[in-house]
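J.:
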Amino acid sequence: MRSNTPSLAPGFTLFPSLKPPHTTLFFHQIFVLILTFLAYASFHASRKPPSIVKSVLGPTFQTDSTSNDTGWAPFNGPEGTHRLGELDLAFLTSYAIGMYFAGHVGDRIDLRLFLVFGMMGSGILTIIFGFGYWFDVHLLGYFIGVQVICGVFQSIGWPCVVSVVGNWFGKEKRGLIMGVWTSHTSVGNIIGSVVASGVLEFGWGWSFLVPGILIIVVGILVFCFLVVSPDDLGFEMMSSGKEIEMSVGEENVVNLEKVESEEAGLLENKDSDSLAAIGFLEAWRLPGVAPFSFCLFFSKLVAYTFLYWLPFYIRHTAKTVDVYLFLQICVGIVAVAGVHLSHKTAGILSTIFDIGGVLGGVLAGFISDVIDARAVTSVTFLLLSIPALILYRIYGSVSMVTNIGLMFLSGLLVNGPYSLITTAVAADLGTQDLIKGNSRALATVTAIIDGTGSVGAALGPLLAGYISTRGWNSVFLMLIFAIFFASIFLVRVAKTEIGRMVSEGKELGSSVTAS
Numbered sequence: 035m036r037s038n039t040p041s042l043a044p045g046f047t048l049f050p051s052l053k054p055p056h057t058t059l060f061f062h063q064i065f066v067l068i069l070t071f072l073a074y075a076s077f078h079a080s081r082k083p084p085s086i087v088k089s090v091l092g093p094t095f096q097t098d099s100t101s102n103d104t105g106w107a108p109f110n111g112p113e114g115t116h117r118l119g120e121l122d123l124a125f126l127t128s129y130a131i132g133m134y135f136a137g138h139v140g141d142r143i144d145l146r147l148f149l150v151f152g153m154m155g156s157g158i159l160t161i162i163f164g165f166g167y168w169f170d171v172h173l174l175g176y177f178i179g180v181q182v183i184c185g186v187f188q189s190i191g192w193p194c195v196v197s198v199v200g201n202w203f204g205k206e207k208r209g210l211i212m213g214v215w216t217s218h219t220s221v222g223n224i225i226g227s228v229v230a231s232g233v234l235e236f237g238w239g240w241s242f243l244v245p246g247i248l249i250i251v252v253g254i255l256v257f258c259f260l261v262v263s264p265d266d267l268g269f270e271m272m273s274s275g276k277e278i279e280m281s282v283g284e285e286n287v288v289n290l291e292k293v294e295s296e297e298a299g300l301l302e303n304k305d306s307d308s309l310a311a312i313g314f315l316e317a318w319r320l321p322g323v324a325p326f327s328f329c330l331f332f333s334k335l336v337a338y339t340f341l342y343w344l345p346f347y348i349r350h351t352a353k354t355v356d357v358y359l360f361l362q363i364c365v366g367i368v369a370v371a372g373v374h375l376s377h378k379t380a381g382i383l384s385t386i387f388d389i390g391g392v393l394g395g396v397l398a399g400f401i402s403d404v405i406d407a408r409a410v411t412s413v414t415f416l417l418l419s420i421p422a423l424i425l426y427r428i429y430g431s432v433s434m435v436t437n438i439g440l441m442f443l444s445g446l447l448v449n450g451p452y453s454l455i456t457t458a459v460a461a462d463l464g465t466q467d468l469i470k471g472n473s474r475a476l477a478t479v480t481a482i483i484d485g486t487g488s489v490g491a492a493l494g495p496l497l498a499g500y501i502s503t504r505g506w507n508s509v510f511l512m513l514i515f516a517i518f519f520a521s522i523f524l525v526r527v528a529k530t531e532i533g534r535m536v537s538e539g540k541e542l543g544s545s546v547t548a549s
């Protein structure tokens, strides 16, 4: 998808050798993948601090007799977990609402500038949240207000990066490519956890300041070097998914391109009404958009509950001796006597879930490419994640080995379908044959799917904050029901895919027999 007024990134003016014919199409595809990977990883890194500082801000537990934590008003009272859940709700609600508008706007303006705008705003708001530590702010309205505005800026990121990657790659092996690429979510969570945990000992404000600066720095790189569409550099993507490289050196080819450009302009004017017709409601009616959107609602509810509450859960349930022994061996952290883990250790340990998520996204993308069935792959991962979560809840606190292993497995199975739906599925649905030629549909479809999922993401952490006061068994029961409903929404689509695979198998068998 191209914006109406594309502008080449200034980095290509400073470094002309980056332009064709000095560089190939393949070089720029890899470059775009890396740049968008870093961009969205920095988005997620800047979202991670609230989950890392929860156990610092929130109420302490009487069983933790060795803790000197007093919390941070207004989150350290008897209903502190409720306030923390409401803080998550404020961010994720504005994120979900903003997602719908961001996709609509992203289809109509320069995606590079729009993405940079979102990154800069996110970085600044993340830093402002951290200022609450240095300025001794204890007003709930301050923190909620910052999170609401930050959520709007954060919502800009996803439709932009998915649309840019969709412009540069055809459908062939899209699941595997985007499965690898979408690991930016887990990588960003890992970076955010490690960075926020590493500076937490200096004060929780630093856990927001450093990730905020990080996303601003990456935003500068995106502004300087991101190219939204192959066309902006003289490349053209064929509709079949194959790529052809356009020569930009000879005069006769330039003239030919000029003629073709004029013809394309006439066709574009002719079809302008159909392009404009793909709006919000029309995109909802596209085949597959609604079931995958509602599936993501529940999948993201589960994933974001882990994202925002896992360090808090680990800190108050994991066995100190076993986990500290593991961390002493791996990263040289010195053990401290006590019943519960330190805030820093719990934050670092929670990255195991995201490491599993990296493999889960790649594996789900690869499998869906091999069998050519996104829904079947998603349902399989979802159903397998139910026993994984049950085992993690029952045996996760038994020992270090079971904690690490089951957390890794849970991350793999929970994040697999979540990653697949938000990337390859969204790109497939936004470029399907029914709207073939309409490049303006991709960001809108992407925003609808992820925006709907983000509504679930907003509810998950909020519900966890309230339900956790009744015990963590209730929280895990909520997550299991959410996964079950997520799989239910894809049953019909999966059934259609299975029928198609059976039919193709019969046709293949018949052709072999006939020959």
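Each residue of the sequence shown is one higher than the one before, starting from 35 at the first, in my numbering. Glycine included, each C-beta is placed from N, C-alpha and C at the ideal position.
How long is the line joining the alpha carbons of Glu-538 and Ala-528, rounded to whole angstroms?
T.: Cα-Cα distance, rounded: 15 Å.
J.: Can you tell me the Cβ-Cβ gap for His-78 and Gly-222, rounded? I've got them flagged as a contact below 8 Å.
T.: Their Cβ separation, rounded to whole angstroms, is 3 Å, which keeps His-78 and Gly-222 in contact under 8 Å.
J.: Could you check whether the region 119-132 touches the region 185-192, counting it as contact only if at least three pairs of C-beta atoms, one from each stretch, sit closer than 8 Å?
T.: Result yes; three or more Cβ-Cβ pairs closer than 8 Å.
J.: Given Leu-418, which residues of its chain have a CB within under 7 Å of its CB, disregarding the five upstream and five downstream residues?
T.: Once the five neighbours on either side are set aside, the close Cβ partners of Leu-418 are Leu-447.
J.: To the nearest angstrom, report how far apart Asn-110 and Val-90 are at their CA atoms.
T.: Each residue's alpha carbon lies about 9 Å from the other.
J.: Please report the distance separating the alpha-carbon of Glu-120 from that of Leu-174.
T.: Roughly 10 Å between the two C-alpha positions.
J.: Would you kindly check if the distance between the Cβ of Gly-487 and the Cβ of Thr-331 is under 7 Å?
T.: The question names Thr, but residue 331 is Phe in the sequence shown. Yes. Within cutoff.
J.: If you draw a straight line from the C-alpha of Leu-42 to the C-alpha of Asp-266, how long is it?
T.: In a straight line, the C-alpha of Leu-42 is about 7 Å away from that of Asp-266.
J.: Considering just the uninterrupted stretch of the alpha helix (DSSP H) at Phe-519, what are its terminal residues?
T.: Its alpha helix (DSSP H) spans residues 506-523.
J.: Helix or strand or just coil, what does DSSP make of Phe-269?
T.: Three-state result, Phe-269: strand.
J.: What first and last residue would you give for the alpha helix (DSSP H) that runs through Phe-71?
T.: Where Phe-71 is concerned, the enclosing alpha helix (DSSP H) stretches over 59-81.
J.: Report yes if the CB atom of Leu-118 is closer than 7 Å to the CB atom of Leu-496, and no otherwise.
T.: Against a cut-off of 7 Å, the Cβ pair of Leu-496 and Leu-118 comes out as no contact.
J.: Can you give me the start and stop residues for the alpha helix (DSSP H) that Ala-107 sits inside?
T.: Unbroken run through Ala-107: none, as it is neither H nor E.
J.: I need the straight-line Cα distance from Gly-445 to Gly-394, nearest angstrom please.
T.: Approximately 7 Å, taken between the alpha carbons.
J.: Does the count of Cβ pairs from the region 213-227 and the region 146-161 closer than 8 Å reach three?
T.: No: fewer than three Cβ pairs fall under 8 Å.
J.: State the DSSP-derived secondary structure class of Pro-50, mapped to helix, strand or coil.
T.: The answer is helix: DSSP assigns Pro-50 an H, G or I state.
J.: Would DSSP call Val-171 helix, strand or coil?
T.: Reduced to three states, the DSSP call for Val-171 is coil.
J.: Rounded to whole angstroms, what's the CA-CA distance from Asn-201 to Asp-484? Just pull it up for me.
T.: Cα to Cα, Asn-201 sits roughly 18 Å from Asp-484.
J.: Out of Phe-46, Leu-248, His-138, which one is the CA nearest neighbour of Ser-76?
T.: Closest by alpha carbon: Leu-248.
J.: Decide if Asp-141 is buried, meaning its Cβ has at least 16 other Cβ atoms within 10 Å, or exposed.
T.: Classification for Asp-141: buried.
J.: What did DSSP end up calling Glu-113 once you bin it into helix, strand or coil?
T.: The answer is coil: DSSP assigns Glu-113 none of H, G, I, E or B.
J.: Leaving out five residues before and five after Ile-582 in sequence, what residues of the same chain have Cβ atoms less than 7 Å from its Cβ?
T.: Residue numbering for the chain in the displayed model covers 35 to 549; residue 582 lies beyond these limits and cannot be assessed.
J.: So the alpha helix (DSSP H) Val-233 belongs to, where does it begin and stop?
T.: Note, Val-233: premise wrong, no alpha helix (DSSP H); not H, not E.
J.: Below 8 Å, can you find three or more Cβ-Cβ pairs linking the region 332-345 to the region 81-89?
T.: Contact between the region 332-345 and the region 81-89 is present, because at least three Cβ pairs lie under 8 Å.
J.: In chain order, what residues of the same chain have a beta carbon less than 6 Å from the beta carbon of Ile-183, not counting five sequence neighbours either side?
T.: So the list reads Leu-159, once near-sequence residues are dropped.
J.: Between the alpha carbons of Ser-51 and Asn-437, how many angstroms are there, rounded?
T.: So the alpha carbons of these two residues sit roughly 50 Å apart.
J.: If you count every other CB in all the chains shown that lies within 10 Å of the CB of Asn-507, and 16 or more means buried, which is it?
T.: Exposed, since its Cβ has fewer than 16 Cβ neighbours within 10 Å.
J.: Does the region 517-537 come close enough to the region 400-412 that 3 or more CB-CB pairs lie under 8 Å?
T.: As far as the Cβ criterion goes, the region 400-412 touches the region 517-537, which means the pair count is three or higher.
J.: Less than 7 Å between the C-beta atoms of Tyr-338 and Gly-237, yes or no?
T.: Contact: no.
J.: If I measure Cβ to Cβ from Val-228 and keep anything under 7 Å in the same chain, skipping five residues before and after, which residues do I get?
T.: For Val-228, where only same-chain residues beyond five positions count, the Cβ hits under 7 Å are Ile-382, Thr-385.
J.: If you check the beta carbons only, do Lys-53 and Leu-234 fall under 7 Å apart?
T.: No, the pair does not count as a contact, with Cβ atoms beyond the cut-off.
J.: Assuming Leu-440 contacts Tyr-426 under a Cβ cut-off of 8 Å, what Cβ separation, rounded to an integer in Å, is found between them?
T.: Yes, they are in contact, since the Cβ atoms of Leu-440 and Tyr-426 sit about 4 Å apart, within 8 Å.
J.: Return the chain-ordered ranges of every alpha helix (DSSP H) run that is complete within the region 189-226 and spans a minimum of 4 residues.
T.: 191-202, 208-215, all fully within the region 189-226.
J.: Just verifying my parser: in three-state terms, what is the DSSP assignment at Gly-137?
T.: Gly-137: helix per DSSP, three-state reduction.
J.: Tell me where the alpha helix (DSSP H) around Thr-1 begins and ends.
T.: Because the chain is modelled from 35 through 549, residue 1 falls outside the range shown and cannot be assessed.
J.: Could you tell me how far apart the beta carbons of Leu-163 and Val-180 are, in whole angstroms, since I believe they sit closer than 8 Å?
T.: The residue you asked about is not Leu; residue 163 is Phe in the sequence shown. Indeed, because the Cβ distance is near 5 Å, the residues count as touching under 8 Å.
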